[in-house]
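Participant: Take a look at the following structure, please.
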Amino acid sequence: MEVTHSIRERTITENSLVVLLQGIHGHVTTVDLRDESMAKGRIVNVDAFMNIRLAEVVYTDRYGRATHLADFFVTGRNVRYVHIPDEVNIIKTIESQLQKIHRVRNFGGEGQGRKEYLKYKK
Amino acid sequence: MRSSPCCSAAGLSNMEERERETSRTREEPKAGTSGVATGTGRQAEKDSDADSHRARLDVSSDHFDPLLALYSPDIPLPYPNVKCFNNLAEYESFLKGGRGRAKPENVEKKNRKSKKGVPDPERIERLKKLMVNNPASEEEGGSGRKRLPRRAKAPKNVLTRMPLHAGSPLGELHRCVKERLKIKVHIRTFKGLRGVCSGFLVAFDKFWNMALVDVDETYRKPVLGKAFYHEPALTITRIFDRLKLQESESPEFKKPDKTLTKESDASPGTRKEDKPGMELRRSPRKSYSYPKGQTYTKPAEKRAAEAGEERKTQKGASTESETGKVQKKAKDKPTVDYQQVHCRHVNQLFIRGENILLVNLLE
């Protein structure tokens, strides 16, 4: 549920649909991979590049053989689909994630908080 | 004036001496004339002193004394209101009209920057209320939040970027979101088309990542192994195959022993759509990409047989039909397996943009 510490990652997530995936941290979903295999488990973390970490996973490889895995990590590029759980409202999740990012960015006073962008042009 | 410091430094002693001399000389005549005309003499001396003093402080006079001028408390400046600089470099840049000079736009910038500091208390309050831990601050949150939209200067995030693409293909996607159009998204496999997802678009981004709801996915797993190597030889035009697949979207060729329910769900819909395209559909199923000519010539019998079976399965006949045609199909089983067209329904699906071939709007 935590917003990443990297400014770069934060801007990437903010401007793409990865926010939606970050909003469903903790839900149990299926991730279809590019190589026709599937991993069903609980989403632990999704980063800006769509790298997904899952826990307690049933991994069905492309031939159909299922295995049980405690931890699973897939590179963003190898993701094809992510099934969004039915109870998740897509727009609301995106908005709440964006608010979290906004909150983190503006935390602190004028001179104290994270200065993410220069106030003056060099 | 420039040289005066050096001059004075160098000739300091001289000047001082001269002064002392003059004072001494003055004193001597004073002493000399003291007896005779003390008062008037002194006054005359004083006046002349004052005059000469002024003359020495006057920049334009011949008797200007720079050292005295530097140390005297009240020097009459010719132009009192002149602009002062701390050093020559400043003066030079002033003359050039250099950067940072008080041009109108710079002045405005400065004012803006100074104003930026002003909403400090407001901002601090707003931030305080954002702190979730403090219950007191949470109460303030309600009122503070109203200020937020005013302060946030047009936030740019994935949701605000969606309408920005007007006029471009992504703008069309946004139209689908707004008007809740059903779209068909063609999904790609490493080579060519994998299948089609039809659903309603909720959100998208510049990478074409899409969030769809109420998705029906019709797909076929790509063929592997030796058949894969045979396929490229058979390919003529992928566009044609894509079209074929598009026409014949539904999975008539679903394996009977697999998901019966899905089949029954799919068949009524597909029947309507795909009857005309049934014949054509055969070919892509046989092999991934099929040359047009070959489809009609090569497995003519097979096609006929399977077409017959299709009709049977469509009518919802028993999963195991015992005609000879079925046996033929059973023979075909190994090849058919890999080419099985699947269909499934997903309520909410997120598709990574990289896998999307094209998007077809159904208006």
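Line by line, the protein sequences are chains A and B. Under this note's numbering, think of the first position of the first sequence as 1, with each following residue one higher. Under this note's numbering, think of the first position of the second sequence as 1001, with each following residue one higher. Glycine included, C-beta positions come from ideal geometry on N, C-alpha and C. Note that this is a predicted model, so its numbers are computed, not measured.
Can you check DSSP and say which residues form a bridge with Met38 (chain A)?
Facilitator: Within the first sequence, numbered from 1, the residue matching residue 38 (chain A) stands at position 38. Answer is A:Asp32, A:Thr60.
Participant: Mapping DSSP to helix, strand and coil, what is Glu1217 (chain B)?
Facilitator: As a position in the second sequence, residue 1217 (chain B) is number 217, starting the count at 1. Three-state result, Glu1217 (chain B): strand.
Participant: Check whether the Cβ of Asp61 (chain A) lies closer than 8 Å to any Cβ atom in chain B.
Facilitator: Along the first sequence, read from residue 1 onward, the residue named residue 61 (chain A) stands at position 61. It does not: the Cβ of Asp61 (chain A) has no partner Cβ on chain B nearer than 8 Å.
Participant: Could you check the C-alpha separation between Ile1356 (chain B) and Val104 (chain A) for me, to the nearest Å?
Facilitator: The residue labelled residue 1356 (chain B) in the question sits at position 356 within the second sequence. The residue labelled residue 104 (chain A) in the question sits at position 104 within the first sequence. Their Cα atoms are separated by approximately 33 Å.
Participant: Check the C-beta distance from Gln22 (chain A) over to Val46 (chain A) and give it rounded, since I have them as a contact under 8 Å.
Facilitator: Position 22 of the first sequence, counting from 1, holds the residue named residue 22 (chain A). Position 46 of the first sequence, counting from 1, holds the residue named residue 46 (chain A). So it is a contact: roughly 5 Å between Cβ atoms.
Participant: Near Glu1363 (chain B), what residues of its chain come up, given a Cβ to Cβ distance below 7 Å and the 5 sequence neighbours on each side ignored?
Facilitator: Here residue 1363 (chain B) refers to the residue found at position 363 of the second sequence. So the list reads Leu1181, once near-sequence residues are dropped.
Participant: Report back the beta-carbon spacing between Ser6 (chain A) and Asp1205 (chain B) to the nearest angstrom; my notes put them in contact at under 8 Å.
Facilitator: If you number the first sequence from 1, residue 6 (chain A) lands on position 6. If you number the second sequence from 1, residue 1205 (chain B) lands on position 205. That pair is no contact at about 19 Å.
Participant: What residues from chain A crowd round Asp1074 (chain B), counting only those whose CB sits closer than 9 Å?
Facilitator: If you number the second sequence from 1, residue 1074 (chain B) lands on position 74. Ordered by position in chain A, no residue passes the 9 Å Cβ test against Asp1074 (chain B), which lies about 44 Å from the chain.
Participant: Between the segment 95-103 of chain A and the segment 53-67 of chain A, do at least 3 Cβ pairs fall closer than 8 Å?
Facilitator: No: the two stretches stay apart, fewer than three of their Cβ pairs being nearer than 8 Å.
Participant: Counting only Cβ pairs nearer than 8 Å, list the residues of chain B close to Ser16 (chain A).
Facilitator: By 1-based counting over the first sequence, the position of residue 16 (chain A) is 16. Neighbours of Ser16 (chain A) on chain B, chain order: Val1158, Asp1205, Lys1206, Phe1207, Asn1209.
Participant: Against chain B, which members of the segment 66-77 of chain A pass a CB distance test of less than 9 Å?
Facilitator: Flagged, chain order: Gly76, Arg77.
Participant: Tell me Val1202 (chain B)'s beta-bridge partners as DSSP assigns them.
Facilitator: Translated into the one-based positions of the second sequence, residue 1202 (chain B) becomes position 202. According to DSSP, Val1202 (chain B) bridges with nothing at all.
Participant: Consult DSSP for Asp47 (chain A) and reduce its assignment to one of helix, strand or coil.
Facilitator: Residue mapping note: residue 47 (chain A) aligns to position 47 of the first sequence, counting from 1. Three-state DSSP puts Asp47 (chain A) in coil, outside helix and strand.
Participant: Strictly by DSSP, which residues pair up with His68 (chain A)?
Facilitator: For the purposes of this step, residue 68 (chain A) is taken as residue 68 along the first sequence, with counting starting at 1. A:Val58.
Participant: What is the rounded straight-line gap between the Cα of Thr13 (chain A) and the Cα of Val19 (chain A)?
Facilitator: Here residue 13 (chain A) refers to the residue found at position 13 when the first sequence is read from its first residue. Here residue 19 (chain A) refers to the residue found at position 19 when the first sequence is read from its first residue. Computed Cα separation, rounded: 5 Å.
Participant: In this structure, what does DSSP give as the bridge partners for Leu1349 (chain B)?
Facilitator: Walking along the second sequence from the start, residue 1349 (chain B) turns up at place 349. For Leu1349 (chain B), which the question treats as bridged, DSSP gives the partners A:His83, B:Leu1212.
Participant: Any beta carbon of chain B sitting closer than 8 Å to that of His5 (chain A)?
Facilitator: Working through the first sequence from its first residue, we reach residue 5 (chain A) at position 5. Not an interface residue.
Participant: Please state whether DSSP places Leu1358 (chain B) in a helix, a strand or coil.
Facilitator: By one-based count along the second sequence, residue 1358 (chain B) stands at place 358. Reduced to three states, the DSSP call for Leu1358 (chain B) is strand.
Participant: Is the beta carbon of Asp71 (chain A) sitting closer than 8 Å to the one on Ala48 (chain A)?
Facilitator: Looking up residue 71 (chain A) in the first sequence gives position 71. Looking up residue 48 (chain A) in the first sequence gives position 48. Cβ distance not < 8 Å, so Asp71 (chain A) and Ala48 (chain A) don't count as in contact.
Participant: With 9 Å as the limit, tell me which residues of the segment 82-95 of chain A have their beta carbon closer than that to any beta carbon of chain B; keep them in chain order.
Facilitator: Hits within the stretch, in order: Val82, His83, Ile84, Pro85, Asp86, Val88, Ile90, Ile91, Ile94, Glu95.
Participant: To the nearest angstrom, how far is it from the Cα of Asn106 (chain A) to the Cα of Met1162 (chain B)?
Facilitator: Here residue 106 (chain A) refers to the residue found at position 106 of the first sequence. Here residue 1162 (chain B) refers to the residue found at position 162 of the second sequence. Distance between the alpha carbons of Asn106 (chain A) and Met1162 (chain B): 24 Å.
Participant: Can you find the residues in the same chain that come closer than 7 Å, C-beta to C-beta, to Ser1072 (chain B), ignoring five residues on each side of it along the sequence?
Facilitator: Taking the first residue of the second sequence as position 1, residue 1072 (chain B) is located at position 72. For Ser1072 (chain B), where only same-chain residues beyond five positions count, the Cβ hits under 7 Å are Leu1057.
Participant: Throw me the rounded Cβ distance for the Asn1209 (chain B) and Ile1351 (chain B) pair, which I believe falls under 8 Å.
Facilitator: Taking the first residue of the second sequence as 1, we reach residue 1209 (chain B) at position 209. Taking the first residue of the second sequence as 1, we reach residue 1351 (chain B) at position 351. Yes, they are in contact, since the Cβ atoms of Asn1209 (chain B) and Ile1351 (chain B) sit about 7 Å apart, within 8 Å.
Participant: Identify which residue in B:Leu1164, B:Val1202, B:Val1196 has its Cα closest to the Cα of Glu1179 (chain B).
Facilitator: The residue you call residue 1179 (chain B) lines up with position 179 of the second sequence. Measuring from the Cα of Glu1179 (chain B), the nearest candidate turns out to be B:Val1202.
Participant: Determine the direct distance from the alpha carbon of Phe1094 (chain B) to that of Pro1169 (chain B), and round the result to whole angstroms.
Facilitator: The residue you call residue 1169 (chain B) lines up with position 169 of the second sequence. The residue you call residue 1094 (chain B) lines up with position 94 of the second sequence. Rounded to the nearest angstrom, the two C-alpha atoms are 53 Å apart.
Participant: Are the beta-carbon atoms belonging to Pro1222 (chain B) and Phe1200 (chain B) less than 8 Å from one another?
Facilitator: Here residue 1222 (chain B) is taken as the residue at index 222 of the second sequence, counted from 1. Here residue 1200 (chain B) is taken as the residue at index 200 of the second sequence, counted from 1. No; because the gap between Cβ atoms is not below 8 Å, this pair is not in contact.
Participant: Measure the C-alpha to C-alpha separation of Asn1347 (chain B) and Asn89 (chain A) and round it to an integer number of angstroms.
Facilitator: Counting from one through the second sequence, the residue named residue 1347 (chain B) turns up at place 347. Counting from one through the first sequence, the residue named residue 89 (chain A) turns up at place 89. Approximately 11 Å, taken between the alpha carbons.
Participant: Give me the Cβ distance between Pro1078 (chain B) and Val1059 (chain B), rounded to the nearest whole Å; I'm assuming they're in contact under 8 Å.
Facilitator: Along the second sequence, read from residue 1 onward, the residue named residue 1078 (chain B) stands at position 78. Along the second sequence, read from residue 1 onward, the residue named residue 1059 (chain B) stands at position 59. Indeed they touch by this definition, with Cβ atoms about 6 Å apart.
Participant: Does DSSP classify Cys1176 (chain B) as helix, strand or coil?
Facilitator: Position 176 of the second sequence, counted from the start, is the residue given in the question as residue 1176 (chain B). DSSP places Cys1176 (chain B) in helix when its eight states are reduced to three.
Participant: I want to verify the contact list: residues of chain B whose CB lies under 8 Å from the CB of Leu20 (chain A), in sequence order.
Facilitator: Your numbering for residue 20 (chain A) matches position 20 in the first sequence. The answer, in chain order, is Ala1203, Ala1211, Phe1350.
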